[in-house]
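K.L.:
Just dropping this structure here.
2 protein chains.
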Amino acid sequence: MVKTKKLSKRELILTEAAKLFKDRGYGGTSMRDLAGQVGMEAASMYNHIKAKDEILASICFRISGLYISQLGEISATEASYGDKIKALIRLHIRLMVEDGPAVSVANHDWKYLPEPKLGEFKQARKTYEKGFAALIEAGIAAGEFQPVNVSVALFTILSAVRWIELWFRPGRELSAEELEANIITVLLNGLERK
Amino acid sequence: MVKTKKLSKRELILTEAAKLFKDRGYGGTSMRDLAGQVGMEAASMYNHIKAKDEILASICFRISGLYISQLGEISATEASYGDKIKALIRLHIRLMVEDGPAVSVANHDWKYLPEPKLGEFKQARKTYEKGFAALIEAGIAAGEFQPVNVSVALFTILSAVRWIELWFRPGRELSAEELEANIITVLLNGLERK
DNA sequence: ACTGAAAACTAACTAATGTTCGTTACCCTT
DNA sequence: AAGGGTAACGAACATTAGTTAGTTTTCAGT
């Protein structure tokens with residue numbers, strides 16, 4: 001089991017890096033900080049990773065890949081558009097709760113990717129947003145949703161779930177399931193009673 | 195007019211700093227970068243500001259002060275709770291459109307404030323959120339809103355408007371007024387038709 | 001025109017950054 | 001027991017960071 005050990009050390013670095021990047025930002029995290037958290041010297045980490053920005057890229061693209069593949073699966077189901085949107089909202093919340101630091105990094109620090117990777121990541125994001133928007137548009141065309149501007153609806157939904165990381169502490173006052181139910185209520189039914 | 199000139203140079207620095215901080219982040223912006231944008235040498239800026247983090251603090255507290263004072267005014271009116279929430283949403287959108295870079299910095303880079311200031315800023319934010327939440331809670335108690343979790347509603351609304359900066363380009367396809375109307379529709383009435 | 005302050009400049013300092021180098025310890029296979 | 005590759009290390013590299021010191025320029029008020 002040679003590969004296993006190698007990968008697990010590397011993934012330890014990636015995991016700890018995501019936590020630190022989330023807290024202090026990419027630029028605010030030094031390789032020595034990260035090494036201290038991992039439990040080795042900064043130089044030693046270069047046996048497992050190629051460069052600091054490769055760490056960032058690994059985190060970002062793992063998350064974007066997850067989102068895009070899940071979007072494909074959900075789109076392909078036979079559910080109503082409302083249920084598809086709900087499933088996507090649940091996906092975002094679940095990933096945020098389970099993989100919080102990495103999602104946070106992919107949302108905030110992607111802009112520090114060096115240029116070949118930066119363009120690829122932007123494109124991946126655009127791909128995801130286009131797929132999400134297509135569902136909203138189809139839902140409006142089917143009379144299932146209100147005839148609202150598609151971009152506004154898309155980003156209102158996306159942003160509403162991206163900020164969960166900032167205040168949600170699982171088990172404190174609110175469970176993940178209650179969180180899902182409440183957010184879906186607000187976004188799909190609106191705040192006002194009718 | 196001695197004071198006027200002094201203030202305008204300082205404010206030029208603050209304005210350009212907000213733009214750079216928004217694009218490259220606080221840590222990703224060097225004093226030499228900023229000086230180049232302002233049109234002077236890095237050392238020269240220290241005739242107008244005390245330190246780099248003082249720039250960050252000025253930007254953050256100016257924005258937080260704006261939000262808190264406006265919240266006070268809106269809370270004191272005699273409108274319905276729905277109209278108060280709408281007014282707050284419009285406030286967020288207007289500030290984002292008119293003062294975009296500074297709002298963006300106050301939303302993303304506040305965590306790099308050094309420790310005495312950091313605590314103050316956190317408290318200011320909490321003050322604002324408490325005031326906002328009180329309006330939602332009162333609206334629910336009055337039967338005007340759905341009995342949803344107050345924190346969830348609060349942060350869903352707050353986050354929905356914070357991301358405008360990322361994709362909204364005024365005059366392109368959508369005006370600020372249409373933006374307001376659409377966001378309010380989604381948040382207050384929900385996406386689904388009923 | 002003179003003066004004194006405000007504000008610009010050049011140069012430099014210290015600290016910290018990402019990364020590389022050469023070497024050493026470890027450990028699995030033979 | 002020996003060999004060889006993996007992964008750890010300490011030291012050092014060049015670069016860049018924020019900031020300060022000292023000096024010169026600009027310019028409004030007398």
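Quick mapping for you: the protein sequence lines, in order, are chains A and B. For the first sequence, position 126 (counting from the first letter as 1) is numbered 126 according to the numbering used here, and the numbering increases by one without interruption. Just add 194 to the spot in the second sequence (first one is 1) and you have the numbering used here. Quick reminder that beta carbons are idealized off the backbone N, C-alpha and C, glycines included.
Is leucine 329 of chain B closer than 8 Å to tyrosine 240 of chain B when the C-beta atoms are compared?
P.N.:
No; because the gap between Cβ atoms is not below 8 Å, this pair is not in contact.
K.L.:
Which partner residues does phenylalanine 145 of chain A have in the DSSP bridge list?
P.N.:
Phenylalanine 145 of chain A pairs with B:Glu386.
K.L.:
Using a beta-carbon distance below 8 Å, is isoleucine 209 of chain B in contact with chain A?
P.N.:
Isoleucine is not the amino acid found at residue 209 of chain B; the sequence shown has threonine there. No - not a single Cβ of chain A is within 8 Å of the one on threonine 209 of chain B.
K.L.:
By the DSSP assignment, the alpha helix (DSSP H) with isoleucine 183 of chain A in it spans what residues?
P.N.:
Its alpha helix (DSSP H) spans residues 176-184.
K.L.:
How many angstroms separate the CA atom of alanine 354 of chain B from the CA atom of alanine 43 of chain A?
P.N.:
Cα to Cα, the separation comes out at about 42 Å.
K.L.:
Can you list the residues of chain A that arginine 356 of chain B reaches, using a CB-CB cut of under 8 Å?
P.N.:
Ordered by position in chain A, the residues that pass the 8 Å Cβ test against arginine 356 of chain B are Ser159, Trp163.
K.L.:
To be precise: take each residue of the stretch 63-75 of chain A, compare its Cβ to all Cβ atoms of chain B, and keep it if any distance is under 9 Å. Which residues remain?
P.N.:
Answer in chain order: no residues at all.
K.L.:
Ignoring anything shorter than 4 residues or poking outside the stretch 9-91 of chain A, list the alpha helix (DSSP H) runs there in chain order.
P.N.:
Entirely contained in the stretch 9-91 of chain A, the alpha helix (DSSP H) runs reaching 4 residues are, in chain order, 31-38, 52-76.
K.L.:
Would you call lysine 278 of chain B buried or exposed, if buried means 16 or more other Cβ atoms sit within 10 Å of its Cβ?
P.N.:
Classification of lysine 278 of chain B: buried, given that the 10 Å Cβ count is 16 or more.
K.L.:
Kindly indicate which residue of B:Ala347, B:Glu372, B:Glu314, B:Trp357 has the alpha-carbon position closest to the one of threonine 185 of chain A.
P.N.:
Threonine 185 of chain A has its Cα closest to that of B:Ala347, out of B:Ala347, B:Glu372, B:Glu314, B:Trp357.
K.L.:
In chain order, what residues of the same chain have a beta carbon less than 8 Å from the beta carbon of aspartate 227 of chain B, not counting five sequence neighbours either side?
P.N.:
So the qualifying residues of the chain are Leu214, Arg218.
K.L.:
Hey, how far is the Cα of arginine 169 of chain A from the Cα of valine 232 of chain B?
P.N.:
Rounded to the nearest angstrom, the two C-alpha atoms are 42 Å apart.
K.L.:
Report yes or no: is there a C-beta of chain B within less than 8 Å of the C-beta of glutamate 144 of chain A?
P.N.:
So, interface residue.
K.L.:
In three-state DSSP terms, what is proline 308 of chain B?
P.N.:
Residue state, collapsed to three classes: coil.
K.L.:
If we ignore side chains and look at the alpha-carbon of each, how far apart do leucine 71 of chain A and glycine 143 of chain A end up?
P.N.:
So the two alpha carbons sit approximately 22 Å from each other.
K.L.:
Is there a Cβ of chain B sitting closer than 8 Å to that of serine 80 of chain A, yes or no?
P.N.:
For serine 80 of chain A, the answer is no, since every Cβ of chain B falls outside 8 Å of its Cβ.
K.L.:
Determine the burial state of leucine 179 of chain A: buried for a count of at least 16 other Cβ atoms within 10 Å of its Cβ, exposed for fewer.
P.N.:
It is buried - the Cβ of leucine 179 of chain A has at least 16 other Cβ atoms within 10 Å.
K.L.:
Going along the chain, which residues of its own chain have a beta-carbon closer than 6 Å to the beta-carbon of tryptophan 110 of chain A, five neighbours each way excluded?
P.N.:
Same-chain partners within the cutoff: Cys60, Phe121.
K.L.:
In whole angstroms, what is the alpha-carbon distance linking leucine 208 of chain B and isoleucine 243 of chain B?
P.N.:
Between leucine 208 of chain B and isoleucine 243 of chain B, the C-alpha separation is close to 9 Å.
K.L.:
What does alanine 347 of chain B touch in chain A if you count any residue whose Cβ is under 7 Å from its own?
P.N.:
By Cβ distance, chain A contributes Val186, Leu191.
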